[in-house]
Ligand code: SF4
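Quick look at the structure:
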């Protein structure tokens, strides 16, 4: 099976995603994923435009064919190049060609990737190394580095592909064995899910399984440790929470985060999320919030700055407040650490 840059990238985000793409699973409409795609495409188009400015006619090839005619090439920049070698495929964002200096020396080719984000990740570097690997196979020559143009300032980072090649090959090996087998990888929700076209599908499956990955923030190590103890679901984890009195000597220290407490809150349906798609939904979710608040005795708001109290006061003045409801507010620098806090009662 061919490994495309699309599958390679998907695997780096999540093995399940690469599996679903390879099996042709139908994608669902995910507005955020679509927005990210459009943002990246716009950024790439702008980047290519900036690079091609100042080049003479014939020095820039836009959307060329796969055959770039290397021997007689006179271009300096080519964009959107379909690159296929044996079992690999990519559409390289751009290639920079530096002509030879001196007779008999081959021209240098450098693949370029455009990344809209200001902060680069290892994934971005591995992707440019993947492009470098394909180009080296197609051109049958050594290509040791690639470039990433990224961020608001269109900064350039040179990536030494040779350093990452070992890792690229390792990932390609893992993808091959995953995709040639019949067993799908374990479904684990992760940070990439909001920007993934399979988000809804995977969430439904995770809820059906009551999977531990529904608890965002739990690391792979923590999940594996719980699995080894036979705890596989959120409900099972929720029964492990034991509230304990904190010894005096550690009262000033930050309370440990308990995944089991969150699991308990989910089991007892004490977590709520309210969502507005636009300003027109603001009043609706405020009323839903007020309704929820009315079901709690002595509600307490724990917050870091003044944003939450200001927000609540503004909403009250905008849409009205329920009768006889008092919200006790605790401002603290550390949630659960109440030694140095300011308290006030917001009457709403
Ligand atoms: S939604 Fe999440 S778990 Fe599902 S394929 Fe996408 S990244 Fe993976």
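Numbering (the numbering used here), first residue to last: 967 to 1314. Virtual Cβ for every residue (Gly too), placed ideally from N, Cα, C. Just so we're clear, the structure is a prediction, and the values are computed from it rather than from any experiment.
Exercise. With DSSP run on the structure shown, which of helix, strand or coil describes residue 1045?
Worked result: What you label residue 1045 is simply residue 79 of the chain shown in a count that begins at 1. Correct three-state label for residue 1045: strand.
Exercise. Is residue 998 near the ligand SF4, in the sense that its beta carbon is under 7 Å from a heavy atom of that ligand?
Worked result: Walking along the chain shown from the start, residue 998 turns up at place 32. False, no ligand heavy atom lies under 7 Å from that Cβ.
Exercise. With residue 1044 and residue 1060 assumed to form a contact (beta carbons below 8 Å), what rounded beta-carbon distance in angstroms separates them?
Worked result: For the purposes of this step, residue 1044 is identified with residue 78 of the chain shown, where counting begins at 1. For the purposes of this step, residue 1060 is identified with residue 94 of the chain shown, where counting begins at 1. Residue 1044 to residue 1060, Cβ: 7 Å. Contact.
Exercise. Which of helix, strand or coil does DSSP assign to residue 1097?
Worked result: Taking the chain shown and counting its residues from 1, one reaches residue 1097 at position 131. The answer is helix: DSSP assigns residue 1097 an H, G or I state.
Problem set entry | Unbroken beta strand (DSSP E) run spanning residue 1056, endpoints | Your numbering for residue 1056 matches position 90 in the chain shown. Run containing residue 1056: 1054-1064, per the beta strand (DSSP E) assignment.
Exercise. Do residue 1092 and residue 968 have their C-beta atoms closer together than 8 Å?
Worked result: The sequence position of residue 1092 within the chain shown is 126, counting from 1. The sequence position of residue 968 within the chain shown is 2, counting from 1. It is not a contact, given that the beta carbons lie outside the stated cut-off.
Exercise. For residue 986, which of helix, strand or coil comes out of DSSP?
Worked result: Taking the first residue of the chain shown as 1, we reach residue 986 at position 20. Three-state DSSP puts residue 986 in a helix.
Exercise. Just curious, the alpha helix (DSSP H) that residue 1166 is in, first and last residue?
Worked result: Taking the first residue of the chain shown as 1, we reach residue 1166 at position 200. Element bounds for residue 1166: 1165-1175.
Exercise. For the ligand SF4, any of its heavy atoms closer than 7 Å to the Cβ of residue 1092?
Worked result: Numbered from 1 along the chain shown, position 126 holds the residue referred to as residue 1092. The answer is no for residue 1092.
For this session: Count the other C-beta atoms from every protein chain shown that fall within 10 angstroms of the C-beta of residue 1077, then say buried if there are 16 or more, exposed otherwise.
Result: Start at 1 with the first residue of the chain shown, and residue 1077 comes out as number 111. Result: buried.
Exercise. Can you name, in chain order, every residue of its own chain whose Cβ lies under 6 Å from the Cβ of residue 931, other than the five neighbours on each side?
Worked result: With the chain running from 967 to 1314 in the structure shown, residue 931 is simply not present.
For this session: Return yes when the C-beta of residue 1155 is under 7 Å from any heavy atom of the ligand SF4, and no when it is not.
Result: Start at 1 with the first residue of the chain shown, and residue 1155 comes out as number 189. Checking every heavy atom of the ligand SF4 against the Cβ of residue 1155, one is found closer than 7 Å.
Exercise. Leaving out the 5 sequence neighbours to the left and right, which residues in its chain are closer than 7 Å to residue 1018 when beta-carbon positions are compared?
Worked result: What you label residue 1018 is simply residue 52 of the chain shown in a count that begins at 1. Only 1026 and 1043 meet the Cβ criterion.
Exercise. Does the count of Cβ pairs from the region 1171-1178 and the region 1196-1206 closer than 8 Å reach three?
Worked result: yes
Problem set entry | For review: beta carbons within less than 5 Å of any heavy atom in the ligand SF4 | 980, 982, 983, 1158, 1159, 1162, 1164, 1165 and 1168
For this session: Within 10 angstroms of the Cβ of residue 970, are there 16 or more other Cβ atoms? Answer buried if so, exposed if not.
Result: Translated into positions along the chain shown, residue 970 becomes position 4. Residue 970 should be labelled buried.
Exercise. With C-beta atoms as the reference, is residue 1237 less than 8 Å away from residue 1231?
Worked result: Along the chain shown, read from residue 1 onward, the residue named residue 1237 stands at position 271. Along the chain shown, read from residue 1 onward, the residue named residue 1231 stands at position 265. Yes. Within cutoff.
Exercise. When the Cα atoms are used, what is the spatial distance from residue 973 to residue 984?
Worked result: Counting from 1 along the chain shown, the entry for residue 973 is found at position 7. Counting from 1 along the chain shown, the entry for residue 984 is found at position 18. Spanning the two alpha carbons is a distance of roughly 5 Å.
Problem set entry | Those residues which DSSP pairs with residue 995 across a bridge | Position 29 of the chain shown, counting from 1, holds the residue named residue 995. DSSP, once it has assigned bridges, lists no residue as partnering residue 995.
Exercise. Once you ignore the five residues that flank residue 991 on each side, which residues in its own chain have a CB closer than 8 Å to its CB?
Worked result: Residue mapping note: residue 991 aligns to position 25 of the chain shown, counting from 1. Hits under 8 Å: 1164 and 1167.
Exercise. DSSP on residue 1108, reduced to helix/strand/coil?
Worked result: Looking up residue 1108 in the chain shown gives position 142. The answer is coil: DSSP assigns residue 1108 none of H, G, I, E or B.
Problem set entry | Bridge partner(s) assigned by DSSP for residue 1256 | Taking the first residue of the chain shown as 1, we reach residue 1256 at position 290. Paired residue(s): none; residue 1256 is not in a bridge.
Exercise. Residue 1123 bridges to which residues according to DSSP?
Worked result: Indexing the chain shown from 1 puts residue 1123 at position 157. 1114, per the DSSP bridge assignment.
Exercise. On the three-state DSSP scale, how would you describe residue 1276?
Worked result: Residue 1276 sits at position 310 when you count from the first residue of the chain shown. Residue 1276: helix per DSSP, three-state reduction.
Exercise. Excluding five sequence neighbours on each side, which residues of the same chain lie with their C-beta closer than 8 Å to the C-beta of residue 1193?
Worked result: Taking the first residue of the chain shown as 1, we reach residue 1193 at position 227. Closer than 8 Å at the Cβ level, and outside the excluded window around residue 1193, lie 1178.
For this session: Apply the 10 Å Cβ neighbour rule to residue 986 and answer buried if 16 or more other Cβ atoms are within range, or exposed otherwise.
Result: Looking up residue 986 in the chain shown gives position 20. Residue 986 is buried by the Cβ-count criterion.
Exercise. Going straight from the alpha carbon of residue 1012 to that of residue 1041, what length do you get?
Worked result: Mapped onto the chain shown, residue 1012 falls at position 46. Mapped onto the chain shown, residue 1041 falls at position 75. Using only the alpha carbons, I get a separation of about 20 Å.
For this session: Tell me where the alpha helix (DSSP H) around residue 971 begins and ends.
Result: Position 5 of the chain shown, counted from the first residue, corresponds to residue 971. Element bounds for residue 971: 971-979.
Exercise. Cβ of residue 999 within 8 Å of Cβ of residue 1161?
Worked result: For the purposes of this step, residue 999 is taken as the residue at position 33 of the chain shown. For the purposes of this step, residue 1161 is taken as the residue at position 195 of the chain shown. A contact, by the Cβ cut-off of 8 Å.
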